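Take a look at the structure below.
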Amino acid sequence: MNTRNAILILAVGVAWARGVRVYEEFVDGAKEGFAVATRIMPYLVAMLAVLAILRESGAFQLLEYALAPMLGLLGFPVELLSLALMRPLSGSGAQGILNEILTRPDLSEMVKFTAAILYGSTETTFYVLTVYFGSVGIRRFRHALMAGLTADFIGMVAAVAFGRLLFG
Numbered sequence: 001m002n003t004r005n006a007i008l009i010l011a012v013g014v015a016w017a018r019g020v021r022v023y024e025e026f027v028d029g030a031k032e033g034f035a036v037a038t039r040i041m042p043y044l045v046a047m048l049a050v051l052a053i054l055r056e057s058g059a060f061q062l063l064e065y066a067l068a069p070m071l072g073l074l075g076f077p078v079e080l081l082s083l084a085l086m087r088p089l090s091g092s093g094a095q096g097i098l099n100e101i102l103t104r105p106d107l108s109e110m111v112k113f114t115a116a117i118l119y120g121s122t123e124t125t126f127y128v129l130t131v132y133f134g135s136v137g138i139r140r141f142r143h144a145l146m147a148g149l150t151a152d153f154i155g156m157v158a159a160v161a162f163g164r165l166l167f168g
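Structure representation (structure tokens):
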């Protein structure tokens, strides 16, 4: 028996010993879970639709092309721009871009390692705000958004700095 199973059995045993109706509580929790899922579904669909439109329309590539000169001056590898833009929006989308970067033979090891650092140093800010704030009905979250995007920006700058320092 592994540790997770032992903890689960212990928790159920303690709850049962205290007189908690474990099965009924589980069913009530599952009902609440479905209610939360139906409340946040419109937010998730809207976010994923915008994300698909931006990626499939080539908007990310166009932005990459337009910002390449400025990013070069700042020392930010232009190959990481699509990852930097996708990461706050979608974890799976960002993981797909990271996989593309890591499997491209034309990119240097420094860019690949920096991409991995950037992926690990940032969060899916819009997804987190959509799911968590949407699930409890919070509609005004501009301060949380600014804090999250600021943390993402600092994580990206630090990722590039550490990538250059350690692998450049």
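In our numbering, the protein residues as written are 1 to 168. All residues carry an ideal CB built from backbone N, CA and C; glycine is no exception. Being a predicted model, the structure only gives us computed values, none of them experimental.
Taking every protein chain shown into account, the CB of S92 has fewer than 16 other CB atoms within 10 angstroms, so this residue is exposed.
When C-alpha distances from F167 are compared across E56, V27, M110, G75, the shortest belongs to M110. A59 and V50 have their alpha carbons spaced roughly 11 Å apart. Note on I101: 16 or more other CB atoms within 10 angstroms of its CB, so buried under the neighbour-count rule.
For F167, the enclosing alpha helix (DSSP H) begins and ends at 142-167. DSSP places R39 inside the alpha helix (DSSP H), whose first and last residues are 22-56. Straight-line spacing of the CA atoms in R39 and V131 works out to 9 Å. G137 sits in coil when the DSSP states are folded into three classes, being neither helix nor strand.
Annotated as distal: A37 and L83, with beta-carbon spacing of 7 Å or more. Secondary structure note for N2: it is in no alpha helix (DSSP H), with a DSSP letter that is neither H nor E. A direct Cα-Cα distance of roughly 20 Å separates G163 from P69. The C-alpha of E79 lies about 11 Å from the C-alpha of L63. Exclusion of the five residues before and after S135 leaves V36, R39, I40 as the residues of its chain whose Cβ lies within less than 8 Å of its Cβ. Between L71 and F126, the beta carbon gap of about 22 Å keeps them out of contact (Cβ cut-off 8 Å).
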